[in-house]
Amino acid sequence: MNARTKPANTRTRLYVVLAVLGLASSALVVRAVDLQVVRKDFYQEQGDARYLRDIDIPVSRGTIFDRNGEPLAVSTPVESIWANPMELLEHAERIPDLAKATGLDEDSLKERLVERSDKEFYYIKRHLNPDDAQAVLDLGIPGVSSQREFRRYYPSGEVIGHVLGFTNIDDAGQEGLELAFDQWLAGEKGIKRVIRDRLGHEVENVELVREAKPGRDLTISIDRRIQYLAYRELKAALVEHRASSGSMVILDVPTGEILAMVNQPSFNPNARGNVDPAYRRNRAATDVVEPGSTMKAFTISAALETGKWKPHTPIDTSPGTYTLYGHTISDVHNKGLIDVTGVITYSSNVGAAKIAATLGRDEMYDVFHRFGFGEVTGCGFPGESPGNLPIAKNWGPVEQATIAYGYGLSVTPLQLAQGYAALANDGRLRAPTFVKGAQAQDRAVIDPQIAATLRGMLETVVRPPGGGVKAAITNYRVAGKTGTSRTAIGGGYQKKYISLFAGMVPASEPRLVGVVVIHDPQGAYYGALVSAPVFSKVMDGALRLLDVPPDDVQNWYTATPDSGPTVRTGRRAPDGAQAEPDYSEGVPE
């Protein structure tokens, strides 16, 4: 019995084993088909996710040049040290070496690594000199590598910091022209696909996903030489008059290009870590002031446009005050009977207010608005202020009178320069630009003859007895206007002053317009004494740098050796003696 059943059991066991092997083989085949056919893509993605990486290819940001090809902002290659926290923590005994080499606190570094222990990438220190980065790598610390990046450098430092702005640690524009032209300058990073081992080291380049496109260069309108002149003289004036801040703008009249734009206090974009954010503001484009008597040029433009007034039309400013609806408007000195030109020459608030009283508020507003006040200039600078020109329907008689001599509205130094450039450009307004060669279309805002007449009237300011004689430049005719206003605060005015001068040169065929604004000078505060000398010194140098010939160049060359160059000395007093300049401005109390 046992002999007969034993073969059967053996056969059964054999069948069972074969069946199990068959099932196992079938399972393996099914699993293989599942892995290599059915779910091939899924597992391929999982593998790639562990070893295949898309890596950025850094690109250099475009260089910013001044109008003469001098570099103002350049990108230099640097190295950033990074680590795989997990791997580095496995060799924690090397962390002190890394901390010492990078100048970091050991405990703080270890704490940050522990917090990111589940990550594969962490910046240890960025933007190192390549030699310093190589010294760190030479230590052979496991998990530590470097990555090529670029850092922005500004050769002119704080001289042009407000215009250029700066980039952040990732080389993206944050302020100024770096922000305005960020897309143009930044270029486009490339992407390459690589295989990394389990420690994060690149072992093979797989493919180029996207080609890198370096940033494009930008040539701006700023002339570095004139920019430095303006920076130096403005800073010296602030020191001399113990002023709190100041701005200067210089425009090229034929093109509208901004040749210089400076502010004080300034900041160095190469080292701005602890700089007060207020110092980084480009006040010439973002901050507004009440322009004071510099606005009288536009009030007189509106008056001449009506035809009711001519340059020699008389106007009585006696007794030096003018009461309007209980509001008293005053001049510093009683000038008595003068003409419309005298309103400009002597900067008479009373004269300006009386002329404004004969103008319709809509027509006066229209002229001011045509000159660009109340709206941005169109230069494209980030954060530019439009100023404030109240709409005409809100003007009462008093408001119209005060606006006529520069109170009750606000402008930026750049807006004021644009307005004077229109007078210099035969009444054609052009948007200022920071890009060399990007000449904007201009438009007529006032009759060319009126603009020419205004230029002649403004020349009297810079000749005795006008108050702006300190803006005069030897051998060049200067046309301009002084201004002094009080600082507005909380609906009233402080006992702090703003000194202004706006002018053009050469007056016979204007090439340059400059505006100087200085805040809170101590002691003397009239624009004629504080801002006019800055205009003279800067524009004198700029004219020579640009090789602009004097107005009276023919007389200059034909002058006898003994007589020397011809210098305009201006109008004289009735008795033939040189008239005494009047530096004062009517500043409302």
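In our numbering, the protein residues as written are 155 to 743.
C-beta atoms are modelled at their ideal positions from N, C-alpha and C, and glycine is treated no differently.
Next on the checklist: Only counting the same chain, and skipping five residues up and downstream in sequence, which positions put a Cβ closer than 7 Å to that of residue 625?
Outcome noted: 616, 632, 634, 655, 657, 686, 689, 690
Checklist entry - Using 8 Å as the threshold, is the stretch 514–531 in touch with the stretch 603–611, meaning 3 or more CB pairs across them? => result no
Item to check | Opening and closing residue of the beta strand (DSSP E) in which residue 641 lies | outcome: Element bounds for residue 641: 633–643.
Item to check | Completely contained alpha helix (DSSP H) runs for the stretch 268–301, where each covers 4 or more residues | outcome: Those alpha helix (DSSP H) runs which fall completely within the stretch 268–301 and span 4+ residues are 284–291.
Item to check | Run of the alpha helix (DSSP H) containing residue 395, from where it starts to where it stops | outcome: 378–395
Checklist entry - Which term fits residue 485, buried or exposed, when burial requires 16 or more other beta carbons within 10 angstroms of its beta carbon? => result Label assigned to residue 485: buried.
Checklist entry - Leaving out five residues before and five after residue 580 in sequence, what residues of the same chain have Cβ atoms less than 8 Å from its Cβ? => result Answer for residue 580: 602, 605, 606, listed in chain order.
Checklist entry - By Cβ distance below 6 Å, which residues in the same chain neighbour residue 490 in space, the five residues on each side in sequence not counted? => result Excluding sequence neighbours, residue 490 sits near 472.
Checklist entry - If you count every other CB in all the chains shown that lies within 10 Å of the CB of residue 179, and 16 or more means buried, which is it? => result exposed
Item to check | First and last residue of the uninterrupted alpha helix (DSSP H) at residue 690 | outcome: 686–699
Checklist entry - So what does residue 659 bridge to, in DSSP terms? => result 666
Next on the checklist: For a test of the three-state rule: what should DSSP assign to residue 230, helix, strand or coil?
Outcome noted: In the three-state reduction of the DSSP assignment, residue 230 falls in the strand class, which pools E and B.
Item to check | Euclidean distance between Cα positions of residue 668 and residue 693 | outcome: Distance between the alpha carbons of residue 668 and residue 693 is about 8 Å.
Item to check | Residue of 644, 661, 597 minimising C-alpha distance to residue 627 | outcome: Nearest C-alpha to residue 627: 661.
Checklist entry - When the Cα of residue 454 is compared with those of 548, 612, 278, 406, which residue comes out closest? => result 612
Next on the checklist: Suppose contacts are defined by Cβ-Cβ distances below 7 Å. Is residue 321 in contact with residue 327 by that definition?
Outcome noted: Result yes, Cβ atoms of residue 321 and residue 327 sit closer than 7 Å.
Next on the checklist: Quick check on residue 231: buried or exposed, where buried means 16 or more other Cβ atoms within 10 Å of its Cβ?
Outcome noted: Only exposed fits residue 231, as fewer than 16 other CB atoms lie within 10 angstroms of its CB.
Next on the checklist: Please state the DSSP three-state secondary structure of residue 714.
Outcome noted: Its pLDDT being 44, under 50, residue 714 is placed unreliably by the model, and the measurement read from it follows with that caveat. Correct three-state label for residue 714: coil.
Checklist entry - Excluding sequence positions up to five away, which residues of its chain have a Cβ less than 8 Å from the Cβ of residue 245? => result 295, 296, 297
Item to check | Whole-number beta carbon distance between residue 234 and residue 282, since they are thought to touch under 8 Å | outcome: 7 Å
Item to check | Reference residue 331, options 342, 317, 337, closest by Cα | outcome: The residue with the shortest Cα to Cα distance from residue 331 is 317.
Next on the checklist: Which of the three DSSP states is assigned to residue 338 in this structure?
Outcome noted: helix
Next on the checklist: Tell me the DSSP secondary structure of residue 304 in three-state form.
Outcome noted: strand
Next on the checklist: I'd like the list of long-range same chain contacts for residue 364, defined as Cβ closer than 6 Å, with 5 residues on each side in sequence excluded.
Outcome noted: 344, 345
Next on the checklist: For a test of the three-state rule: what should DSSP assign to residue 728, helix, strand or coil?
Outcome noted: Confidence in residue 728 is poor, its pLDDT being 36 and thus under 50, which makes the residue's placement too unreliable to answer from.
Checklist entry - Would you say residue 504 and residue 476 are within 7 Å of each other, going by their C-beta atoms? => result yes
Item to check | Expected contact under 8 Å - CB spacing of residue 493 and residue 467 to nearest Å | outcome: 6 Å
Checklist entry - Around the C-beta of residue 174, are 16 or more other C-beta atoms found within 10 angstroms, so that it is buried, or is it exposed? => result exposed
Checklist entry - Is there contact here, the stretch 543–551 with the stretch 572–591, by at least three beta-carbon pairs under 8 Å? => result No contact exists between the stretch 543–551 and the stretch 572–591.
Checklist entry - According to the neighbour-count rule (16 or more other Cβ atoms, all chains shown, within 10 Å of its Cβ), is residue 431 buried or exposed? => result Classification of residue 431: exposed, given that the 10 Å Cβ count is below 16.
Checklist entry - Can you name the residues that DSSP bridges to residue 418? => result 400
Next on the checklist: For residue 642, tell me which candidate among 592, 623, 560, 597 has the shortest Cα-Cα distance.
Outcome noted: 560
Checklist entry - So, residue 675 versus residue 395, is the Cβ gap smaller than 7 Å? => result yes
Next on the checklist: Below 8 Å on the Cβ atoms is my contact criterion, and I expect residue 311 with residue 424 to pass it. Report the Cβ-Cβ distance as a whole number of Å.
Outcome noted: 6 Å
Checklist entry - Taking the C-alpha atoms as reference points, what is the distance between residue 389 and residue 418? => result 6 Å
Checklist entry - Going by beta carbon distance, what residues of the same chain come within less than 8 Å of residue 266, once the five residues before and after it are set aside? => result Answer for residue 266: 276, listed in chain order.
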